[in-house]
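Worksheet: one structure, shown below.
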Amino acid sequence: MNGTGGGSWGSKWEHEEDQDGAYAGMLGACVILAVCFVVGVPGNLLVIWTIVRHVKKRSHTVLVILHLAVADLLVLVTLPLWIYSLAHSWVFSEAVCKAMVYIINACMYASVFLITIMSVERFLAIRYPFALASWRRKQALNKVLLIVWVASFLLSIPVIVTQVLGGNLGEEQCLFRAYESNIQEAVILLFETLMGFVIPFSILLVCYGCLFSRIAQMSLRSKKKSTVLIASVVVLFALCWIPHHVENFLSLVLLTLQENSQEAKTLHSAVEAMTIVAGALVFVSSTVNPVLYVFAARNFRSSLRDTGIQKLFRHLSSTATGEGNKELSYVSRRQSSQTTTSQCCTESKAQIDLLVDICNNAATQDIV
C-alpha cells in the first residue's frame with residue numbers, strides 16, 4: 005500500500021509535543037464518548053420502547069424516528085470497545101475492526117437519509133398536503149425504509165477495503181484508512197462527503213428554505229411544533245457532522261500539495277488536530293436526538309402511567325392523522341359544495357324555463 009490516511013479519528017504522531025497533545029486529545033475523546041454512552045444508549049432505548057409499546061397508530065414521522073433511534077443505538081453500543089481501545093489498544097483482529105467500522109458507517113448513512121426523509125415529508129405536509137395524503141394512503145414508506153438500509157450498507161463497502169489496524173502512540177489502534185493511491189483516497193473521500201453530507205443537506209436546505217416563511221405563519225400550533233422539532237434534529241445533526249466533512253475536504257486539499265512543503269505540513273497539523281474532535285462529534289450526533297425529544301415533551305403534562313415522551317409521539321402521530329382527515333374532509337366539503345351549486349343552478353334553470361313557457365302561453369292567448 006502506498007499510503008495510510010487518517011481514519012475515524014487519528015493518524016501517527018512522530019514528535020514528542022504531538023504525542024502530548026495526542027494523549028490529551030485521547031483523554032478528552034474518552035470522556036466525550038463515555039458521556040455519549042451513558043446518555044445516548046438509555047435515551048434511544050427509551051425512544052424505541054415508547055414507540056413500540058405505547059404508540060399503536062404510528063405516523064410516518066414517528067416510524068422514521070423509530071428507525072433513526074435504532075440506527076443511533078447500533079452506533080452507541082460500540083462505545084465501550086472504542087473507549088477501551090483509545091485508553092489502551094485494540095485487542096481484536098483486523099476483521100473485527102473492519103466489521104465494527106462498517107456497521108457504524110452504514111448506520112451513519114442511514115441516519116442522514118432518515119433525517120432527509122423526515123424533512124421532505126414535513127415539506128410535503130405543509131406545501132403539498134394533497135400529495136402527502138396520497139403518499140400515506142399508498143403506504144410506500146416501508147419500501148423507502150428498506151431501500152435506505154440497503155443503500156446505507158452498500159455505500160459503506162469502501163470501509164471494508166480501506167480500514168486497517170495501525171500504530172498510534174506505540175499501541176495498535178483501529179483508527180486508520182489505507183489507500184492504494186492518492187487517486188483512490190480522493191475518490192473515496194469525495195464520494196463519502198457527497199453522498200453522506202452535500203447531497204442530503206442540499207435537499208434539507210431547499211426544503212427548509214422554502215418552508216421558512218410558512219413556518220412563521222402557521223396557524224396550527226401542533227403542526228408548527230412538530231416542524232420545529234424536526235428542524236432542530238436537522239440542525240444539530242449538521243453541526244455534529246460538519247467538522248468531519250471539513251476534515252475530509254482538507255484531506256483532499258492536502259493531496260494536491262507537495263508532500264514536504266510548508267503548506268502541506270501546516271495543513272497536516274490542522275487535520276490531525278481536527279480528527280479526534282470530529283470523530284467524537286460524530287457519536288454526539290447519535291446522542292442528541294433523545295434529549296431533543298425529552299425537551300420537546302416537557303410541554304406535555306404527564307402522569308405515572310403516561311409519560312410526556314409517550315404523549316409527544318402520540319401527538320406526532322395524531323397530528324399527522326388529523327392533517328390527513330382535515331385534507332379529506334376539505335375535499336369532501338369542496339365536492340359537496342360543487343354538487344350543491346350544480347343542483348341549485350339546475351333547479352334555477354328549470355324554474356326560469358317554466359316561467360318563460362307560462363309567459364309565452366299567456367301572450368299567445370292574448371293575441372288570439
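Numbering-wise, the sequence shown is residues 5 to 372 according to the numbering used here. Glycine is no exception: its CB is placed at the ideal position from the N, C-alpha and C atoms. Source: prediction; values computed, not measured.
Exclusion of the five residues before and after Ile52 leaves Leu70, Ala73, Val74 and Leu77 as the residues of its chain whose Cβ lies within less than 8 Å of its Cβ.
As DSSP reads the structure, Gln167 sits in a beta bridge with Arg181.
Boundaries of the alpha helix (DSSP H) harbouring His64: His64 to Leu80, taken from the DSSP string.
With the rule of 3 Cβ pairs closer than 8 Å, the segment 279-292 counts as touching the segment 38-45. DSSP places Phe117 in the helix class (H, G or I) of the three-state scheme.
Taking the Cα of Ala103 as reference, the smallest distance to any Cα among Val79, Thr120, Met122 and Leu90 is reached at Val79. Residue nearest to Gln188 within the set Thr166, Ser123, Ser273 and Glu176 is Thr166 (criterion: CA-CA distance).
In the three-state reduction of the DSSP assignment, Leu215 falls in the helix class, which pools H, G and I.
Nearest to Leu159 by alpha-carbon distance, out of Val116, Thr54, Ala129 and Ile87, is Val116. When rounded, the separation of the alpha-carbon atoms in Leu254 and Phe195 is 15 Å.
Burial is judged here by how many other beta carbons sit within 10 angstroms of a residue's own beta carbon; Leu209 has fewer than 16 and is exposed. With a beta-carbon spacing of about 5 Å, Val163 and Tyr106 fall inside the 8 Å limit used to define contacts. Here Thr279 is buried: its Cβ has 16 or more other Cβ atoms, across all protein chains shown, within 10 Å. Excluding the 5 residues flanking it on each side, Met199 has same chain C-beta neighbours closer than 8 Å at Tyr113 and Leu159, in chain order. The segment 235-248 makes contact with the segment 119-126: 3 or more CB pairs, one atom from each, lie closer than 8 Å. Take the alpha-carbon of Ser273 and the one of Val298: they are about 39 Å apart.
In the three-state scheme derived from DSSP, where H, G and I count as helix and E and B as strand, Leu261 is classed as coil. Secondary structure of Tyr132 (DSSP, three-state): coil.
With 16 or more other Cβ atoms inside 10 Å of its own Cβ, Val68 counts as buried. Here Lys315 is buried. Its C-beta has 16 or more other C-beta atoms within 10 Å.
Around the Cβ of Thr54, a 10 Å sphere holds 16 or more other Cβ atoms; the residue is buried.
In this structure, the beta-carbon distance from Glu276 to Leu169 does not fall below 8 Å. The straight-line gap separating the alpha-carbon atoms of Phe180 and Cys101 is approximately 10 Å.
Taking the CA atoms as reference points, Gly213 sits about 19 Å from Ile246. When the Cα atoms are used, Glu251 and Arg126 turn out to be separated by approximately 31 Å. Counting only the Cα atoms, Leu258 lies some 11 Å from Gln266. Taken atom to atom, the span from the alpha-carbon of Phe157 to that of Arg131 is near 32 Å. Assignment of Lys60 by DSSP, reduced to helix, strand and coil, places it in the coil class. Counting along the chain, the unbroken alpha helix (DSSP H) around Val275 starts and ends at Gln266 to Val288. In the DSSP annotation of this structure, the continuous segment of the alpha helix (DSSP H) that includes Val154 starts and ends at Leu145 to Leu159.
Rounded to whole angstroms, the separation of the alpha carbons of Cys34 and Lys61 is 40 Å.
In this structure, DSSP gives His92 a state outside helix and strand, which the three-state scheme calls coil. Within 10 angstroms of the beta-carbon of Leu150 lie fewer than 16 other beta-carbons, which makes it exposed. For His58, the CB contacts under 7 Å within the same chain, skipping 5 residues up- and downstream, are Gln314 in chain order. Of the other Cβ atoms in all chains shown, 16 or more fall within 10 Å of the Cβ of Gly44; this residue is therefore buried.
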